[in-house]
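The next block holds one structure in the form of structure tokens; read it before the comments.
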Amino acid sequence: MGVTFPAANAQQLARMVVGRRGITKMPSTMACLFVAASLFAFAFLALVLGGYVHVPVSKWLLAAAGAGAALVFMGRGILGVLPAFEQALPEQPFLSLNRRFYSPLIFLIGVGFALLTLALPYWSWRLGLLG
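Heads up, the sequence shown is in the working numbering, so the first residue is -2 and it goes up one at a time.
Next comes the structure, spelled out in structure tokens:
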């Protein structure tokens, strides 16, 4: 897409956000658009779970989507700090950025989805059993 902010060039940006060994250019435009569309869909799901947008969907489907999103994000947050993940994506500065920012923030997004899912109105009786 041509924008390399905050990096100086496309290679440096690729090394910041992808981390694959020996990467010299950003992934294809289609791959970037797929990631952007996925993030947009998760953001829309968060709005639905928070009650800001109403969609005609089954409550259980909504709860399953929220739980799935929580598992995906928390799983990526945990996997991102494991040695096997770090060996697979050793490129700097991605590795240090992943340790410091990406994995912890992604994990917190997963916790947010878990809390939004548990806060849905039809979960209140289940949460009452915990107290």
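Don't be surprised by glycine CBs; every beta carbon is placed ideally from N, CA and C.
Contact between the segment 57 to 67 and the segment 36 to 48 is established, with three or more Cβ pairs separated by less than 8 Å. Per DSSP, isoleucine 20 lies in no alpha helix (DSSP H) and is assigned neither H nor E.
Where glutamine 84 is concerned, the enclosing alpha helix (DSSP H) starts and stops at 80 to 85. Around glycine 77, the same chain offers Asn95 and Ser100 as residues with beta carbons nearer than 6 Å, after the five sequence neighbours per side are excluded. Leaving aside the five residues that flank isoleucine 75 on each side, the residues in its chain whose CB is nearer than 7 Å to its CB run, in chain order, Phe104.
Shown here for arginine 17: same chain residues with a beta carbon closer than 7 Å to its own, the five before and five after excluded, namely Leu86 and Glu88 in chain order.
By the 16-neighbour rule on beta-carbons within 10 angstroms, arginine 12 is buried.
Here phenylalanine 2 carries a coil assignment [DSSP, helix/strand/coil]. Contact check for valine 14 against phenylalanine 91 passes: the beta carbons are separated by less than 8 Å.
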